[in-house]
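All letters in the sequence shown, in the order written, are residues -17 to 120 by this note's numbering. Please read the structure below before turning to the comments.
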Amino acid sequence: MTRISEDELNYFDNKLLKYKNINHAIQLRRLELQSSQSNDCNIGGGRANTISRPTESIIVRMDSDIKLRNLELFRDTVQHFISELNPEQMEIFKLRWMEGTTVHYYSWIEIADLLHVSRPTIYRKRRAILEKFAFLKD
């Protein structure tokens, strides 16, 4: 594994912060796609020359929506990544990227205090976790 820069570490850290709310984001996007969008090009009235299939059109919209696919891909990637973490890394992952509220999450210094390790140690573990995630993303 190659060593990544501090900017890249911060990028992946911020990206993983979005994981906590990913299921909500996916559901919200699905609801947006299910809401009625008028594709009526028969403005003048009269009979339509196509057969109306609302369920089929919703499924087609969901299958072809790039934003929804990217959200689901991110969720699946992180779930696969989580399955490869050892128990200690999993505990750090939960504290940093899965617990807390949307406004407040544990800082690395708070995590070090909770786990009773020094700051340099937690930053080494942070680097190891984020480099593993970066390797998986490539």
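Idealized CB from N, CA, C, for every residue including glycine. Since this is a predicted model, take the numbers as computed values, not measurements.
Of the residues the options, the one placed nearest residue i, counting alpha carbons only
{"i": "R78", "options": "I8, T37 and L(-2)", "result": "L(-2)"}
{"i": "E96", "options": "K0, V60 and E70", "result": "According to the sequence provided, residue 96 is Leu. The question's Glu does not apply to it. Of the candidates K0, V60 and E70, the one whose C-alpha sits nearest the C-alpha of L96 is E70."}
{"i": "E38", "options": "Q16, L55 and N52", "result": "Q16"}
{"i": "L55", "options": "I111, Y1, A110 and L(-9)", "result": "Y1"}
{"i": "H173", "options": "E(-12), I(-14) and A116", "result": "The requested residue 173 does not occur in the structure, where the chain is confined to residues -17 to 120."}
{"i": "N52", "options": "N5, L(-9) and A110", "result": "N5"}
{"i": "D(-5)", "options": "R11, R108 and L118", "result": "R108"}
Cα-Cα separation between residue i and residue j, rounded to whole angstroms
{"i": "N3", "j": "L13", "result": "16 Å"}
{"i": "R101", "j": "D(-11)", "result": "19 Å"}
{"i": "E113", "j": "M80", "result": "19 Å"}
{"i": "H123", "j": "R35", "result": "Given that the chain is displayed from residue -17 to residue 120, the structure contains no residue 123 and the question cannot be resolved."}
Neighbourhood of residue i by C-beta distance below 6 Å, restricted to the same chain and skipping five residues each side
{"i": "V60", "result": "Y1"}
Buried versus exposed, by CB contacts within 10 Å (16 or more), residue i
{"i": "L10", "result": "exposed"}
{"i": "L50", "result": "buried"}
{"i": "I48", "result": "exposed"}
{"i": "Q118", "result": "Sequence inspection shows Leu at residue 118; the Gln mentioned does not correspond to that position. When all chains shown are included, L118 counts as exposed."}
{"i": "I104", "result": "buried"}
Same chain only: Cβ atoms within 7 Å of residue i, ignoring 5 sequence neighbours per side
{"i": "R43", "result": "L15"}
Can you list, in chain order, the stretches of the alpha helix (DSSP H) that have 4 or more residues and sit fully within the stretch 44 to 76? 48 to 65 and 69 to 75
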